[in-house]
Amino acid sequence: MSGQTIDIGKANHHDRDRQCSGGCRVAARNLRSKEIKVASFSWRKAALVAVVVPMMALSACSSTGGKPADSGNAAGGGQAASTPRIKIALITHAAAGDTFWDIVRKGAEEAAAKDNVELLYTSDPEGGRQAQLIQQAVDQKVDGIAVTLAKPDALKDALKKATAAGIPVVSLNAGEDVSKQLGAFTHFGSNEKLAGQAVGEKLASLNYKHPICIIQEQGHVGLEARCAGVKAKVAGTEILYVNGKDMTEVSSTITAKLQATKDADAVIGLGAPITLTALKSIADSGSSAKAASFDMNAELAQKIVDGAILFTVDQQPWLQGYESVDALWQSKRGGFELGGGQPVLTGPTIVDKESAANVLKFAQQGVR
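Residue numbers (my numbering): 1338 to 1705.
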């Protein structure tokens, strides 16, 4: 029987809307040599990166994917595992609008199809409601929970109930620092502070002095860490908070900031929709600032190819979704715990004009 994806709960009503936010066995050997790997990790961070093993030997800060729920064979073909069918809940902090979450979900669906998993996908950006979704999954007696930890304090009690019920938990995308203490046996994602530092180092190497780092969800631990990482490498970094649920307001806020900050030379969006909106704000304000980004979709990759955006740092969200589901299946299959108690890094990887053309074809397939 093939994998199946089901949307549950009214809290997921934003799932068809889409507009903003955002943000293992990494297929490292599949990454082309032209993608610029982030250097200057400490020994410990290098050890974490070493955990990111080639995938094929094993078979694989925010918003909601906007496509309708899929049912049937989510991966579009192939034979599912012969193991007993299990039920896994994927619960994210996705809010209305970001293509980023389509990519996470696509990876999860492909793993579910391969592993004979019924995938229950729900999301809500509000921490209390996300906790309710976790409780619903516990009540449904799911076989595993994959959860994002953007607002961990709101989720700790619900996750405690999940682990007390014997349900294995993995975290993904956000919350690496608190993943273990909240009961997850591993975390799949990019170290957000390192990703921010990578962006800062890249901007510094290009002689940018006064970037504006845009946070679209105040209190999101991953987004805050990204901008903190940039500021650690470029002291002149300013942080600008916007309401990521209203892209018209995002545009006007960025435009006003650029008009008031004549020495701003770069604008950093923490998700593809924010960065693409910032491009319009740069033009509207008459600023000479350039745009850089975190995360990616096909449109943003094309903008890098065209030279309209300097670069992005990619955390490879497809892998986050795929690996989270697959790791829970492995846990059920043999009690396996991927990662050796450490986070499994899916990034950061910088994609600039030199490497974007290669990445673009995968972005157009919905996996980058």
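For each residue, glycine too, the CB sits at the ideal point set by N, CA and C.
Considering Cα atoms alone, identify which of 1490, 1484, 1532, 1491 is closest to residue 1506. 1484
Which stretch, first to last residue, makes up the beta strand (DSSP E) that contains residue 1455? 1454-1460
Roughly how many angstroms lie between the CA atoms of residue 1641 and residue 1538, to the nearest whole one? 18 Å
Segments of 4+ residues assigned as alpha helix (DSSP H) that fall wholly inside the region 1575-1641: 1584-1597, 1609-1622
So, are the CB atoms of residue 1604 and residue 1638 less than 7 Å apart? no
When burial is assigned at 16 or more other CB atoms within 10 Å of the CB, is residue 1691 buried or exposed? exposed
Compare the Cα-Cα distances from residue 1616 to each of 1597, 1599, 1644, 1598 and report the closest residue. 1644
Taking all protein chains shown into account, do 16 or more other C-beta atoms lie within 10 angstroms of the C-beta of residue 1585, making it buried, or fewer, making it exposed? exposed
Secondary structure of residue 1673, DSSP reduced to three states: coil
Distance, residue 1496 Cα to residue 1556 Cα: 20 Å
Delimiting residues of the alpha helix (DSSP H) encompassing residue 1505: Here residue 1505 belongs to no alpha helix (DSSP H), and DSSP marks it neither H nor E.
Using the beta-carbon count (16 or more within 10 Å), is residue 1544 buried or exposed? exposed
Between the region 1671-1680 and the region 1509-1526, are three or more C-beta pairs nearer than 8 Å? yes
Quick one, are the C-beta atoms of residue 1531 and residue 1549 less than 7 Å apart? no
Do you know offhand how far residue 1595's Cα is from residue 1508's? 37 Å
With distances taken Cα to Cα, identify the nearest neighbour of residue 1424 among 1436, 1449, 1433, 1430. 1449
My understanding is that residue 1609 touches residue 1632, with C-beta atoms under 8 Å, so please give their C-beta distance in whole angstroms. 5 Å
DSSP three-state call for residue 1699: helix, strand or coil? helix
How big is the Cα-Cα spacing for residue 1501 and residue 1520? 10 Å
Is it true that the CB of residue 1459 sits closer than 7 Å to the CB of residue 1482? no
As a quick exercise: from 1511, 1601, 1620, pick the residue whose alpha carbon is nearest that of residue 1786. No answer is possible for residue 1786: it lies beyond the span of the chain, which begins at 1338 and ends at 1705.
Please classify residue 1513 as buried or exposed, where buried requires at least 16 other C-beta atoms within 10 Å of its C-beta. buried
Of the residues 1568, 1561, 1517, which one's Cα is nearest the Cα of residue 1536? 1568
What are the start and end residues of each continuous beta strand (DSSP E) run of 3 or more residues lying completely inside the region 1533-1563, in chain order? 1548-1552
Determine the DSSP secondary structure at residue 1437, reduced to helix, strand or coil. helix
Where residue 1674 and residue 1480 are concerned, what is the direct C-alpha to C-alpha distance, given to the nearest angstrom? 15 Å
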